[in-house]
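Please read the structure below before turning to the comments.
In this note's numbering, the protein residues as written are 210 to 555.
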């Protein structure tokens with residue numbers, strides 16, 4: 210079986226080359242070519258032809274294909290649907306801000322977490338992505354768009370902590386100084402609250418931003434919206450958040466989708482104040498993107514304003530996420546879902 214050289218770090222490529230009777234220094238050359246998006250060994254012109262031929266026999270290379278590309282006429286946000294080597298597809302979004310360009314990547318094909326307001330989980334989990342497939346979302350979005358990527362958010366399709374080892378390897382690859390060299394402080398990882406992985410993530414001390422998709426501050430509401438809360442609970446999640454912040458010295462961010470009549474009441478706001486204060490978390494309110502198959506609607510402007518006032522009056526650090534790509538199937542999973550319905554594939 211051919212090996213996935215795209216998921217290997219330079220030292221691992223070096224060991225493979227040594228096995229083939231080649232000097233280890235060639236590993237840096239190979240890694241450099243791969244990190245620039247070269248997916249043809251014959252194009253690696255500073256390698257001997259004999260080595261290129263051996264590499265073709267030993268290793269597989271694949272370049273994701275653009276199945277769909279939507280560019281927002283409103284703000285220039287680009288939404289990609291990439292076809293993977295097995296015919297599955299994932300979404301990636303490139304967003305431009307004053308501080309640079311951010312890419313939002315997927316880490317799984319589908320999702321098993323079952324959040325009631327999300328398009329990504331409709332149809333469940335198909336499979337997890339390999340480290341190289343997540344990396345290629347960043348790399349080929351940059352190459353195709355012509356926009357240099359400076360920030361990454363793991364907030365697309367899938368749950369990063371449900372694909373823990375592959376996501377950790379992706380972070381090693383994208384952070385590598387001989388690769389894309391994107392710093393950990395420019396990376397955010399979003400989780401629905403797989404609490405059993407928090408301590409392990411904290412031990413790695415990666416200095417990324419951990420964003421917890423909270424969406425409700427109480428068990429009754431959160432368990433209705435997010436099945437991942439069942440058997441874990443908000444109190445346990447808060448304990449994990451406190452430990453993570455203490456260990457890493459990094460402030461956690463609470464993602465909170467504002468859903469009309471569900472989690473946007475005064476009671477929810479005041480309980481959210483308590484949760485934010487006990488963890489020192491920043492609160493990022495998100496105007497809900499309506500999904501056709503879901504019954505939920507975004508909060509009204511009046512409810513949003515009243516909710517924000519309660520948080521601000523209590524001294525909670527709160528922002529409202531700028532809504533981008535509203536005309537390009539902005540919500541995670543929408544584009545993949547639409548193409549699947551139209552073609553019966555991906």
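Cβ atoms here follow ideal geometry from the backbone N, Cα and C, with glycine treated the same way.
Remember, it's a predicted structure, so these values are computed and weren't measured experimentally.
Q) Based on the DSSP secondary-structure assignment, which residues constitute the bridge partners of residue 420? A) By one-based count along the chain shown, residue 420 stands at place 211. Paired residue(s): 399 and 462.
Q. Are the region 411-427 and the region 462-481 touching by the rule of at least three beta carbon pairs closer than 8 Å?
A. Segments in contact, yes.
Q | Own chain residues within Cβ distance below 8 Å of residue 211, not counting five before or after | A | Locating residue 211 in the chain shown gives position 2, counting from the first residue. The answer, listed in chain order, is 267, 268 and 269.
Q) Taking 7 Å as the cut-off, is the CB of residue 414 close to at least one heavy atom of the ligand GDP? A) For the ligand GDP, the structure offers nothing, since it holds no ligand at all.
Q) Can you tell me whether residue 434 is buried or exposed, with buried defined as 16 or more other CB within 10 angstroms of its CB? A) Taking the chain shown and counting its residues from 1, one reaches residue 434 at position 225. Sixteen is the threshold: when 16 or more other Cβ atoms of the shown chains lie within 10 Å of the Cβ of residue 434, as they do, the residue is buried.
Q.
Please report the straight-line C-alpha distance between residue 357 and residue 429, rounded to a whole angstrom.
A. By one-based count along the chain shown, residue 357 stands at place 148. By one-based count along the chain shown, residue 429 stands at place 220. Distance from the CA of residue 357 to the CA of residue 429, rounded to the nearest whole angstrom, comes to 43 Å.
Q.
What would DSSP say about residue 545, mapped onto helix, strand or coil?
A. For the purposes of this step, residue 545 is identified with residue 336 of the chain shown, where counting begins at 1. Bear in mind that a pLDDT of 46 at residue 545, under 50, signals an unreliable position, so the number given afterwards is only what the model happens to contain. If DSSP states are grouped into helix, strand and coil, residue 545 belongs with the helices.
Q. What's the C-alpha gap between residue 328 and residue 446?
A. The residue labelled residue 328 in the question sits at position 119 within the chain shown. The residue labelled residue 446 in the question sits at position 237 within the chain shown. Here the alpha carbon of residue 328 sits roughly 24 Å from the alpha carbon of residue 446.
Q: Name the residue from 363, 482 and 485 whose alpha carbon lies nearest to the alpha carbon of residue 393.
A: On the chain shown, position 184 is the one that residue 393 refers to. When only C-alpha atoms are compared, the closest one is 363.
Q: Answer yes or no: do residue 348 and residue 427 have a C-beta to C-beta separation smaller than 8 Å?
A: If you number the chain shown from 1, residue 348 lands on position 139. If you number the chain shown from 1, residue 427 lands on position 218. Not a contact, by the Cβ cut-off of 8 Å.
(Q) Please state the DSSP three-state secondary structure of residue 624. (A) As shown, the chain starts at 210 and ends at 555. That puts residue 624 outside it, with no answer to give.
(Q) Assess contact between the region 245-260 and the region 314-331, defined as three or more Cβ pairs (one per stretch) separated by less than 8 Å. Is contact present? (A) A contact is defined here as three or more CB-CB pairs under 8 Å, and the region 245-260 fails this definition with respect to the region 314-331.
Q.
I'd like the list of long-range same chain contacts for residue 242, defined as Cβ closer than 7 Å, with 5 residues on each side in sequence excluded.
A. As a working note, residue 242 is residue 33 in the chain shown. So the qualifying residues of the chain are 253.
Q) From residue 405 to residue 379, what does the alpha carbon distance come to, in whole angstroms? A) By one-based count along the chain shown, residue 405 stands at place 196. By one-based count along the chain shown, residue 379 stands at place 170. Between the alpha carbons of residue 405 and residue 379 lies a distance of about 20 Å.
(Q) Considering only their Cβ atoms, is the gap separating residue 244 from residue 309 smaller than 8 Å? (A) Position 100 of the chain shown, counted from the first residue, corresponds to residue 309. Position 35 of the chain shown, counted from the first residue, corresponds to residue 244. It is not a contact, given that the beta carbons lie outside the stated cut-off.
Q. Is residue 365 near residue 450, with beta carbons less than 8 Å apart?
A. Taking the chain shown and counting its residues from 1, one reaches residue 365 at position 156. Taking the chain shown and counting its residues from 1, one reaches residue 450 at position 241. Remark: C-beta atoms of residue 365 and residue 450 do not approach each other more closely than 8 Å.
Q. Under the DSSP definition of a beta bridge, which residues are partnered with residue 313?
A. Counting from 1 along the chain shown, the entry for residue 313 is found at position 104. Residue pairing by DSSP places residue 313 opposite 302 and 362 in a beta bridge.
Q | Per-residue burial, residue 518 [other beta carbons within 10 Å of its own, 16 or more giving buried] | A | Within the chain shown, numbered from 1, the residue matching residue 518 stands at position 309. With fewer than 16 Cβ atoms within 10 Å of its Cβ, residue 518 is classed as exposed.
Q: Enumerate in chain order the residues of its own chain whose CB-to-CB distance from residue 233 is below 7 Å, with the five nearest sequence positions on each side excluded.
A: As a working mapping, residue 233 is identified with position 24 in the chain shown. Excluding sequence positions up to five before and after residue 233, its CB lies within less than 7 Å of the CB of 223, 226 and 227, all in the same chain and listed in chain order.
Q: Using three-state DSSP, classify residue 341 as helix, strand or coil.
A: Residue 341 sits at position 132 when you count from the first residue of the chain shown. Residue 341 carries a helical assignment under DSSP once its states are collapsed to helix, strand and coil.
Q: Label residue 511 either buried or exposed according to how many other C-beta atoms from any shown protein chain fall within 10 Å of its C-beta, with 16 as the threshold for buried.
A: Residue 511 sits at position 302 when you count from the first residue of the chain shown. Answer is exposed; the Cβ neighbour count stays below 16.
Q.
Could you tell me the alpha carbon to alpha carbon distance between residue 295 and residue 277, rounded to whole angstroms?
A. Indexing the chain shown from 1 puts residue 295 at position 86. Indexing the chain shown from 1 puts residue 277 at position 68. In this structure, the alpha-carbon of residue 295 lies about 17 Å from that of residue 277.
Q) Do residue 353 and residue 275 come within 8 Å of each other at the CB atom, strictly closer than that value? A) As a working mapping, residue 275 is identified with position 66 in the chain shown. As a working mapping, residue 353 is identified with position 144 in the chain shown. Taking 8 Å as the Cβ cut-off, residue 275 and residue 353 qualify as a contacting pair.
Q | Close Cβ partners of residue 381 (< 7 Å) along its chain, the five nearest in sequence each way excluded | A | Stepping through the chain shown from its first residue, residue 381 is reached at position 172. For residue 381, same chain residues with a beta-carbon under 7 Å away, outside a window of 5 residues either side, are 218 in chain order.
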